[in-house]
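A.B. asks: Pasting in a structure now, in structure tokens, and then I'll have a few things to ask.
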Amino acid sequence: MTVFYLVAFLSIFFALMTIFTKNPVHSVLYLVITFFTFTIHYILLNAQFLAVVNFIVYMGAIMVLFLFVLMLLNLNKDTEPMKSNLVKMMGVIAGCCLVVVLFGAFRVFDLSNPLVVKDPDIGLVKNLGKVLFKEFLLPFELSSILLLTAMIGAVLLAKKETRKV
């Protein structure tokens, strides 16, 4: 349990650092660390597939893309628009509403015994593959054809036409 609480504290800490950091590149890097702590949570929950997908897709692809876009934009103080007091006030009101909702949720929250999983192998990739290729074979193949069609369409749209005169 101490590992869970340590990782939960780190998740909350780095999420808050993501929000309150002024430099957007540092904010993205803190978000990458936050996603890494989520991966550790998935491993603690015995959901290896979700851990691998979170690690590869979110940390490896999406967040690196965000980082490259931020570096290419070359953001500085001159390009940042000035926020009016009305926008700041709306942000404070929205934050207060969030705090009220969180306090209401914690008030109703009831502590109980931890859930004991009847099948400890439920989150393993091996079992997911068995279900995916036995019960859901047709939807799996249809989605692969749909993704292949989208990829071919994106390549054709991005391809430049060469005109011969």
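According to my numbering, the sequence shown is numbered sequentially starting from 6.
For glycine and all other residues, C-beta sits at the position ideal for the given N, C-alpha and C.
None of the values given here were measured: they were computed from a predicted structure.
Quick one, are the C-beta atoms of F25 and T42 less than 9 angstroms apart?
C.D. replies: On the sequence shown, position 20 is the one that residue 25 refers to. On the sequence shown, position 37 is the one that residue 42 refers to. No, the Cβ-Cβ distance between F25 and T42 is not below 9 angstroms.
A.B. asks: Fully enclosed by the segment 31-113, which beta strand (DSSP E) runs are 3 residues long or longer?
C.D. replies: Listed in chain order, there is nothing to give.
A.B. asks: Is the beta carbon of T39 less than 9 angstroms from the beta carbon of A56?
C.D. replies: For the purposes of this step, residue 39 is taken as the residue at position 34 of the sequence shown. For the purposes of this step, residue 56 is taken as the residue at position 51 of the sequence shown. For T39 and A56, no; Cβs fall outside 9 angstroms.
A.B. asks: Between the alpha carbons of T23 and V30, how many angstroms are there, rounded?
C.D. replies: In the sequence shown, the residue the question calls residue 23 occupies position 18. In the sequence shown, the residue the question calls residue 30 occupies position 25. Distance between the alpha carbons of T23 and V30 is about 10 angstroms.
A.B. asks: Taking 9 angstroms as the threshold (C-beta atoms), are L11 and V37 in contact?
C.D. replies: To locate residue 37, count along the sequence shown from 1; it is residue 32. To locate residue 11, count along the sequence shown from 1; it is residue 6. Contact flag unset, no.
A.B. asks: Where does N28 sit, in a helix, a strand or coil, going by DSSP?
C.D. replies: Taking the sequence shown and counting its residues from 1, the one referred to as residue 28 is at position 23. Note: N28 maps to coil in three-state DSSP.
A.B. asks: For V130, which option in M64, F54 and V160 has the closest C-alpha, if you only look at C-alpha atoms?
C.D. replies: Within the sequence shown, the letter at position 125 stands for residue 130. If we check each option's Cα against that of V130, F54 comes out closest.
A.B. asks: Using 10 angstroms around the beta-carbon of M68, count the other beta-carbons present and answer buried if the total reaches 16, otherwise exposed.
C.D. replies: Counted from its first residue, the sequence shown places residue 68 at position 63. Per the 10 Å Cβ criterion, buried.
A.B. asks: Would a C-beta distance cut-off of 9 angstroms place S89 and H46 closer than the cut-off?
C.D. replies: Translated into positions along the sequence shown, residue 89 becomes position 84. Translated into positions along the sequence shown, residue 46 becomes position 41. No.
A.B. asks: Kindly indicate the opening and closing residues of the alpha helix (DSSP H) around M156.
C.D. replies: To locate residue 156, count along the sequence shown from 1; it is residue 151. First-last of the alpha helix (DSSP H) with M156: L142 to A163.
A.B. asks: Look at the alpha carbon of E146 and the alpha carbon of K164, and state the distance between them as a whole number of angstroms.
C.D. replies: What you label residue 146 is simply residue 141 of the sequence shown in a count that begins at 1. What you label residue 164 is simply residue 159 of the sequence shown in a count that begins at 1. The alpha-carbon atoms of E146 and K164 are separated by roughly 27 angstroms.
A.B. asks: When burial is assigned at 16 or more other CB atoms within 10 Å of the CB, is V105 buried or exposed?
C.D. replies: Within the sequence shown, residue 105 is the residue found at index 100, counting from 1. Its Cβ having fewer than 16 others within 10 Å, V105 is exposed.
A.B. asks: Can you give me the start and stop residues for the alpha helix (DSSP H) that L133 sits inside?
C.D. replies: As a position in the sequence shown, residue 133 is number 128, starting the count at 1. Unbroken alpha helix (DSSP H) run through L133: V130 to K139.
A.B. asks: Using the beta-carbon count (16 or more within 10 Å), is N132 buried or exposed?
C.D. replies: Position 127 of the sequence shown, counted from the start, is the residue given in the question as residue 132. When all chains shown are included, N132 counts as exposed.
A.B. asks: Ordered along the chain, which non-local residues of its own chain (more than five positions away) have a Cβ less than 8 angstroms from that of L153?
C.D. replies: The sequence position of residue 153 within the sequence shown is 148, counting from 1. Answer for L153: no residue qualifies.
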